[in-house]
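J.: I'd like to ask some things about the structure below.
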Amino acid sequence: MPYEPLTDEQREIRDLVRQLARERIAPRAAEIDETHEFPWDVVELYRDHELFGLFFDEEFGGTGTGTLLSLVAIEEVSKVCATSGLILAVQELGSLGLKLAGSQKQKERYLPKL
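Everything in the sequence shown is counted per numbering that gives the first Met the number 0, starting at 0 for the first residue and increasing by one.
The structure is reproduced here in structure tokens:
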């Protein structure tokens, strides 16, 4: 049997992200690249499906699913649109310093807003 590092719950989330990427993002990928306009509709799609929460612990309003699933989500989206994948990646990049070195008070104040 092949090694499968994802749990059933993680596979469900991966499959959701894959479906959203293929059905909602892929049809717009060329347009996003050609127009150089920021895809706010993709941001709304991520918000609607709580994908930005993948990067944060539950105590800060996230899903608590961990780094692996965050990377899986970035990978699935990037397969169809690099720009849209970067939107997720930047969410992690922009918050990483706070998550690693911020005080508990700073984390409580800022992370739930992200």
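For every residue, glycine included, the Cβ atom is placed at its ideal position computed from N, Cα and C.
Since the model is a prediction, treat every value here as computed from it, not as a measurement.
Between the segment 59-74 and the segment 30-43, do three or more beta carbon pairs fall short of 8 Å?
T.: Contact fails between the segment 59-74 and the segment 30-43, because fewer than three Cβ pairs, one in each stretch, are under 8 Å apart.
J.: Check whether the segment 41-50 and the segment 94-103 touch, using three or more Cβ-Cβ pairs below 8 Å as the test.
T.: no
J.: Where does Phe59 sit, in a helix, a strand or coil, going by DSSP?
T.: helix
J.: Suppose you measure from the CA of Ala81 to the CA of Leu53; what does that come to, to the nearest Å?
T.: 18 Å
J.: Enumerate in chain order the residues of its own chain whose CB-to-CB distance from Gly101 is below 6 Å, with the five nearest sequence positions on each side excluded.
T.: none
J.: Once you ignore the five residues that flank Tyr109 on each side, which residues in its own chain have a CB closer than 7 Å to its CB?
T.: Closer than 7 Å at the Cβ level, and outside the excluded window around Tyr109, lie Leu97.
J.: In its own chain, which residues sit with a C-beta less than 7 Å from the C-beta of Arg17, not counting the 5 before and 5 after it?
T.: Glu75
J.: Using C-beta distances below 6 Å, list every residue in its chain close to Gln90, excluding the 5 sequence neighbours before and after it, in chain order.
T.: So the qualifying residues of the chain are Phe51, Phe54.
J.: For Arg13 versus Val71, is the C-beta distance shorter than 7 Å?
T.: yes
J.: Give me the residue from Glu57, Glu49, Leu113 with the minimum Cα distance to Leu92.
T.: Among Glu57, Glu49, Leu113, the Cα nearest to that of Leu92 is on Leu113.
J.: So, helix, strand or coil for Pro38, using DSSP?
T.: coil
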